[in-house]
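The block underneath contains the structure these notes are about, expressed in structure tokens.
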Amino acid sequence: MSEKVLMKGNEAIAEAAILAGCRYFFGYPITPQTEIAAYMAKKMPKIGGTFLQAESEVSAINMVYGAAGAGARVMTSSSSPGMSLKGEGISYIAGADLPCVIVNIVRGGPGLGGIQPAQSDYFQATKGGGHGDYHLLVLAPNSVQEMVSLTIDAFDLADKYRIPVMLLGDGTLGQMMEPVEFSNDNISHVYEKPWATVGTQKKRKHNIINTLYMSPEELEYTIIERQKKYNSIVQNEIRCETSYLEDAEYVLSAYGTSSRIVETAVHQLRKEGYKAGIIRPITLWPFPSHIYKKAAEHAKAFLSVEMSMGQMVEDIMLAVNGKAPVHFFGRTGGVIPTPAEIVSKVKDIAGGNASE
Amino acid sequence: MSEKVLMKGNEAIAEAAILAGCRYFFGYPITPQTEIAAYMAKKMPKIGGTFLQAESEVSAINMVYGAAGAGARVMTSSSSPGMSLKGEGISYIAGADLPCVIVNIVRGGPGLGGIQPAQSDYFQATKGGGHGDYHLLVLAPNSVQEMVSLTIDAFDLADKYRIPVMLLGDGTLGQMMEPVEFSNDNISHVYEKPWATVGTQKKRKHNIINTLYMSPEELEYTIIERQKKYNSIVQNEIRCETSYLEDAEYVLSAYGTSSRIVETAVHQLRKEGYKAGIIRPITLWPFPSHIYKKAAEHAKAFLSVEMSMGQMVEDIMLAVNGKAPVHFFGRTGGVIPTPAEIVSKVKDIAGGNASE
Amino acid sequence: MKSENIIIAGFGGQGILFAGKLLAYAAMVAGKEISWLPSYGPEMRGGTANCHVVISEEPVGSPIIVNPDVLISMNRPSLDKFENSVIEGGTIVVDKSLIDRKVTRTDVRVKYVEATKIAMELGNAALANMVMVGAFLKETGAFILDEIKDAIVKNIPKTKQALAEIDIKAMVAGYNA
Amino acid sequence: MKSENIIIAGFGGQGILFAGKLLAYAAMVAGKEISWLPSYGPEMRGGTANCHVVISEEPVGSPIIVNPDVLISMNRPSLDKFENSVIEGGTIVVDKSLIDRKVTRTDVRVKYVEATKIAMELGNAALANMVMVGAFLKETGAFILDEIKDAIVKNIPKTKQALAEIDIKAMVAGYNA
Amino acid sequence: MPKVNFDSERCKGCELCISVCPKKIIKIADDKINSKGYRPAEVLEQDKCIGCRFCATICPDVVITIEK
Amino acid sequence: MPKVNFDSERCKGCELCISVCPKKIIKIADDKINSKGYRPAEVLEQDKCIGCRFCATICPDVVITIEK
Amino acid sequence: MSKLYERPKSLCDVPMHYCPGCTHGIAHRLIAEVMDELGIEGETVGVAPVGCAVFAYDYFECDMQEAAHGRAPAVATGIKRVIPDRIVFTYQGDGDLAAIGTAETVHAAARGENITVIFINNAIYGMTGGQMAPTSLPGQFTQTSPYGRDVKKQGYPVRISEMLSTLDGPSYIERVSLDSVPNINNAKKAIKKAFQKQIDKKGFSLVEVLSTCPTNWGLSPVESMKWLKDNMIPYYPLGVFKDVD
Amino acid sequence: MSKLYERPKSLCDVPMHYCPGCTHGIAHRLIAEVMDELGIEGETVGVAPVGCAVFAYDYFECDMQEAAHGRAPAVATGIKRVIPDRIVFTYQGDGDLAAIGTAETVHAAARGENITVIFINNAIYGMTGGQMAPTSLPGQFTQTSPYGRDVKKQGYPVRISEMLSTLDGPSYIERVSLDSVPNINNAKKAIKKAFQKQIDKKGFSLVEVLSTCPTNWGLSPVESMKWLKDNMIPYYPLGVFKDVD
Ligand SMILES: Cc1ncc(C[n+]2csc(CCOP(=O)(O)OP(=O)(O)O)c2C)c(N)n1
Ligand SMILES: Cc1ncc(C[n+]2csc(CCOP(=O)(O)OP(=O)(O)O)c2C)c(N)n1
Ligand code: SF4
Ligand code: SF4
Ligand code: SF4
Ligand code: SF4
Ligand code: SF4
Ligand code: SF4
Ligand SMILES: [Mg+2]
Ligand SMILES: [Mg+2]
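Chains as they are written, first to last, in the working numbering: chain R, 1123 to 1478; chain L, 1123 to 1478; chain A, 192 to 368; chain B, 192 to 368; chain W, 6 to 73; chain F, 6 to 73; chain S, 2 to 246; chain Z, 2 to 246.
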């Protein structure tokens, strides 16, 4: 076990990426994630890696496409408006089955919105901001330490499944400092990439990285093949943390920053005698539906707490499928819900005063 | 009633837009919707309107933002990859509460994909391809005639609610010809736009079109205000077509092109004695959930038929909320489901051979 | 005029889509419900082009034809592709001058026409589509000759009506072939 | 050292974030669970800057402090903004040289320090943050003086340790003020 | 005689005006601090001002107006 | 003596080779049509060919090879 | 008493949020003075960028739109096409105009779009905290070029005025500087001329304004002016690059 | 018998999908010949555009990536940074490179990114059926300029080679044409030189290749060559615009 250091979430992501073997970073500045690029700009030249500030997010994500196609461990990061600009490129990366890591440190939207933390890009991340049938594997850390471990895992998952992995954070997680350890235990695997375009050396047929299929049947075939991969991710990679769930009558659910606030709220509720529990999805896609299904067997009600107008709540409803009412509480635009608001919402629900 | 003319769906959209008073079109070529721009390029100069081919979809959607802000009825159109590039701009337009019409003639994806018809951008259209909390009003025609009427309505709805309206078609609808009438009945309203930036003439305080709010509370306030508008759209603007629903045990659901195929399939099923019915959402957002809820009272099962790997099926599940099983059948990547496949899927469901 | 599901197929540049449009137009004028759906995109240049024309007494459901009543085939690849999809008892019209094989199915009616040859004799290979339309009319009786003549006139710009006459001539030649 | 929820607030450029980081670091070394959360973005230049430091015996839940135990206020707008959020019985430390009003609440402990004045006497107004940290220590007993000294040394680059000494001097001055 | 007027509440103490004043009559107040926390610029020897407008031309915050 | 060889199946009958042949010995076949529906170019008077490679240089479909 | 200098009417009477000594304020004032002098405040629609000048919409009395990062020329095009007889200008930083907005800039210029672009080149990304801009100088230290801009890896600075002058669309392109009183006076003349070109329907006009960012350059405002003069002007020569009638 | 002319090895032995007489085929062949002559096939990674040449990935024997529309220079940058000792080229049309990809083009050039760009300027959008390109000539009829390109409303053609030559990054920029045998031979020399610059690590090189689109120009292939010569070359003069060592 190594020493604890005090680090911003954004910097922790950058350091973890380097630990995971990422040597290529392409990005474009945007608040509140600029520290990732700043860290990379400092570190990469020292370790023979590449930091390149692209002229736009569109360009950055396409540099990622090229580098990933050439077999590199590569990352980009941005925040909400910038992520929208990456939508097309992300769809291409998914369609070409290229591995990479994409960080979104979410801020309030729509439009330029604000620079304060939000979770209103959940839909974009999990349902596809880009066009076509595809998925990202979406990881949602809720502490600086987890930003480290999930970043490292993100690179492994990306290579293992040849899939773009998104790390979905928010301004709070990106900007806050917490003690964090970098252990060498979870250093990641090396994956063979015989498909990469690095020159044939005239020793093999040329490799082609491509997303175009003029015959619909062929295109459908690739999509269905990819679906199999998605199925296996659903089988094997779901991550979720629960607490107080055994006897929970009121199941609160949140990810990322809001899950920490929910934690505080649930402590309070338990103190006051409410049987409250927590489901915290760590993978947002694949979504831990089975945990909710199980919890629905004894829960009186669910409550999704989000820093948005309500997005994950739909996935909870899909999982619960009518077995129990699913409520929502959220603040948005950079406003962060308080534990007290959540406690009072749960009391309303318990008292039958909340409309679903 | 005027004469019937034979027209491509794409051209019908363009002509209808002009009828609705649209005098500004900004676009970038992409198959299978190039006819819209071609039509506009021919017609606009003759009626004092503006057709401008932008250097990209990103630029086009931002020209729309500017023109809409200046009070014009304005339209853009594209197809899947191009629509992804518009994601940021659309989020800005939504955030600035500007009215405009955006056409997506969907093709197979992800990535460059293919140019054949698909419906795999449903999530992007309805859940938000862009960042932040916002909605588009999404209209899904299923015939060339409806492309005319919904285009005209789109402009009215956009102005009425100050909201970007998306017309979601696909390559089949865009490319096919059907007889169509342009009647003068449904010519649209003129809306006052005192908020438009057309010069103060020093007679009023300056108007500002903007999406930035540095205070989270202010940003949240605008989002909540916008939510009220959304609620009123949900109240007043849901459109949906149903057939054979009264006694339907098997409720098939589809929009756009696939709804026509479902129609053929349901005729077949009825002939063979299956009590099949159809729900065809015309507004995809707001989604006609109440119709499904009602149908769930007597339906044995629902089946969503899509030209995708299954997207609208989630909205159906959310609406049905566990009251009945919801099945899915889809082809994707430009492959179009056949009536026979659908019939056989329903028979499987009826026979208990289909897994949900 | 009868209800029909018609696929017309050949090379891009053979006027496949126009031929389909004529039929759709004529049917529309005759009060039918119709739809016309082309294959589209770059494959039109060089590759195969086809269009689906649905003519019906009732509103058209699926505009995509899986099993046509009639196949009008103007090149070998399209015959290879669509021959087996034609319904039992359906009709296949074949441009014999371009397709070097016979239809193998025995459960359909087949009409062979030297369409391109006839067209070239009329001065322009590009008229073969009209010849095929004529042959199709004769074979299926789907339309009255005048309905199509009218369609041709209406679908060619006023300034180019000379072309219409040539088209009609080719169509009639096909009808009589 | 006690568990505390501390908000430090003032103008951008006053070293607010660094002061917070010192406390967080010292607490971390002392074995506490901690989080440090800054306000960020352009408002840091010119506008108000603040940071939230949570020091706890248990893993930190919400890093956002709604009701601080301690408010260290280095300008008037921040006092206006946060005064009422401090918990009953909490502490407010005020830079008297910059804030021209008194704390109006009576249910909190208040410590006024001429932080900027003291700092200027030490040669640099920018040391006011350290003076405030010293005053905070004395007032709350949250840390031992040496813990913070150590934190200062560790959080200043090796090449600039001269600065550390000045910082420590300012901090001690605040402690004794 | 020209009269320069500094709106001290708007001044950010950037010293640009000082750097261009040909008469060197502008100074940063060492006894004042405005409500934004800046020490504003001020002219002490009004009578030396020649009304050249250099200060107003370079002031980024439109602090200065000049009358004659 | 140079020998030009046309791979007629690859030829699209664009006539570019014809337009550049200094000896004017390339023609479009009027009795052949390849399986893609094109009438291919061909050289009839081989012996007049001077092996200048103009035809091969301009042919977009690499139809032509030349030997000596 | 008569006014020798007073606040221009087209500038809203509110404090600006810029850092002390930031030349954005000077540029704003010049534009406002020009609007006053041309009497076009009521006819003008301005487009604010994303960058430190994002709040420009709060500072000009004319109608304003706030554009997405880099898209101001597209937004302005949309506006101008709708109200061709009004005056439309954009105000953009070097990140906005020369990086993410490159395509919008080049094509608005190529189209000869009849708008006026005020381009604030301060060789850095101000708002986001000092990252390298396309216009950052070789060797310049920024947050994302912490070892100095290495032109071999991070590219050479882009000279926008020179580049756009190769196009047929622009009617007027000039580079000016805000580092001294005479240069500020010249800058105002250039801005006025640029607006006049638009009024006269001559097509696209652009004024590149060399500016400072004391905060992210890590220099005092006065030192910044000197740095601009000593480093930027040699690399970005002042002058008229295009003036077509 | 010896070979006077044979198919280059770096070109896959498959028919190409281009329309009859389309010069894309010529350009492909030249690149393949150059790869053969430089012996770099096994070391090269090509990037295909979106445009008629999208299937270029099926035509070159070297490794290939297919990029999103306009993004080839960004994709190539990503590749080149990972494998700096390999040869990376893009092949792009005028819609791809000069419209949607403007920013990627300008900034790859400004960075002096050590890649080679083959830029096929056929003054039109071929693949999508003949829309106006940024390089379409004044008065040119296209699907989206059905009354002829009106430069006042639709803008002036962009001369990419001239524009990029104002930047410090590029080592080599030349414009060539495929309209005649001598010009084709010159084009090959230019392409070879552009690759050589990359091999010698001199930085960004670009060859603008004036090309035809008989299908969308509505001309026969032979007429198209003449149209290119008579109309495009006067507007887009051939020659070397930049050659730095
Ligand atoms: C799509 C998008 N990407 C990035 C950002 C973040 N961002 C805001 S301002 C800015 C750069 C500002 O630099 P510049 O244009 O030079 O203006 P300055 O602040 O220097 O005046 C960036 C990258 C954003 N808001 N949107
Ligand atoms: C984002 C996006 N926008 C538009 C398109 C459609 N599209 C495909 S190719 C093309 C233009 C091709 O023109 P050019 O680059 O000149 O190549 P050419 O076909 O002329 O060789 C366009 C607009 C696309 N595929 N993706
Ligand atoms: S007007 Fe001239 S002399 Fe007077 S204060 Fe200003 S700069 Fe100095
Ligand atoms: S230039 Fe203006 S803001 Fe700066 S010190 Fe002088 S008066 Fe104050
Ligand atoms: S090599 Fe020269 S002479 Fe011979 S066929 Fe070709 S072009 Fe004609
Ligand atoms: S140039 Fe080539 S493709 Fe064209 S006609 Fe000659 S051989 Fe055939
Ligand atoms: S950060 Fe720089 S550009 Fe922005 S306001 Fe401050 S000094 Fe001006
Ligand atoms: S459309 Fe034009 S560019 Fe494309 S292959 Fe055909 S001739 Fe060539
Ligand atoms: Mg800048
Ligand atoms: Mg082209």
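Each residue gets a CB set at the ideal place from its N, CA and C atoms; glycine is no exception.
Per-residue DSSP class, three states only, for lysine 1126/R: strand
is_contact[glutamine 1267/L, chain A] using C-beta, thresh 8 Å: no
Interface partners of valine 1465/R on chain Z, CB under 7 Å: Result: empty, since nearest Cβ-Cβ is about 48 Å, beyond 7 Å.
Cβ-Cβ separation, asparagine 1264/R to threonine 1379/R (assumed contact under 8 Å), whole Å: 7 Å
Complete beta strand (DSSP E) runs within the stretch 157-214 of chain Z (minimum length 3 residues, chain order): 173-178, 206-211
Distance cut-off 7 Å: glutamate 50/W Cβ against heavy atoms of ligand 4: no
C-alpha gap between valine 1465/R and glycine 1291/R, whole angstroms: 24 Å
Any non-hydrogen atom of ligand 3 closer than 7 Å to cysteine 26/W Cβ: yes
Expected contact under 8 Å - CB spacing of threonine 78/S and glycine 1211/L to nearest Å: Contact doesn't hold; Cβ gap of about 13 Å is too wide.
Any non-hydrogen atom of ligand 3 within 7 Å of proline 7/W CB: yes
Contacting residues, own chain, Cβ-Cβ under 7 Å from lysine 212/A (five flanking each side not counted): Trp227, Asn346
Residue range of the alpha helix (DSSP H) that includes phenylalanine 273/A: 267-273
Those residues which DSSP pairs with isoleucine 290/B across a bridge: Its beta-bridge partners do not exist; DSSP assigns none.
Contact list for cysteine 19/F against chain Z, beta-carbon separation under 7 Å: Pro21, Gly22, Pro222
Helix, strand or coil at tryptophan 228/Z according to DSSP, with G and I counted as helix: helix
Cβ distance (whole Å) where serine 1201/R is taken to contact isoleucine 1227/R below 8 Å: 5 Å
Start and end residues, beta strand (DSSP E) containing leucine 1406/R: 1405-1407
Unbroken beta strand (DSSP E) run spanning valine 1384/R, endpoints: Where valine 1384/R is concerned, there is no enclosing beta strand (DSSP E), although the alpha helix (DSSP H) it sits in stretches over 1378-1393.
Heavy atom of ligand 9 within 7 Å of glycine 94/S beta-carbon: yes
Leucine 21/F Cβ short of 7 Å to ligand 6 heavy atom set: yes
Whether threonine 1333/L touches glutamate 105/S by CB criterion (8 Å): no
Cross-strand partners of methionine 65/S (DSSP beta bridge): Ile1330/L, Gly47/S
Near-chain B residues of the stretch 1144-1172 of chain R (beta-carbon distance less than 7 Å), N- to C-terminal order: Thr1153, Pro1154
Nearest residue (CA-CA) to lysine 4/S, options Cys57/W, Leu21/W, Ile63/W: Cys57/W
Nearest neighbour of glycine 280/B, chosen from Gly206/B, Val301/B, Val245/B [CA to CA]: Val301/B
Contacting positions in the stretch 110-123 of chain S - beta carbon closer than 7 Å to chain R: none
Same chain, Cβ closer than 8 Å to glutamate 209/S, neighbours up to 5 away in sequence not counted: Phe120, Asn122, Ile161, Ser162, Ile174, Glu175, Arg176, Val177, Tyr237
Separation of histidine 1328/R from leucine 208/B, as counted between CA atoms: 54 Å
Lysine 1126/R at chain B interface by Cβ criterion, 8 Å: yes
Valine 1468/L versus Arg1453/L, Ala1423/L, Lys1445/L, residue with shortest Cα-Cα distance: Ala1423/L
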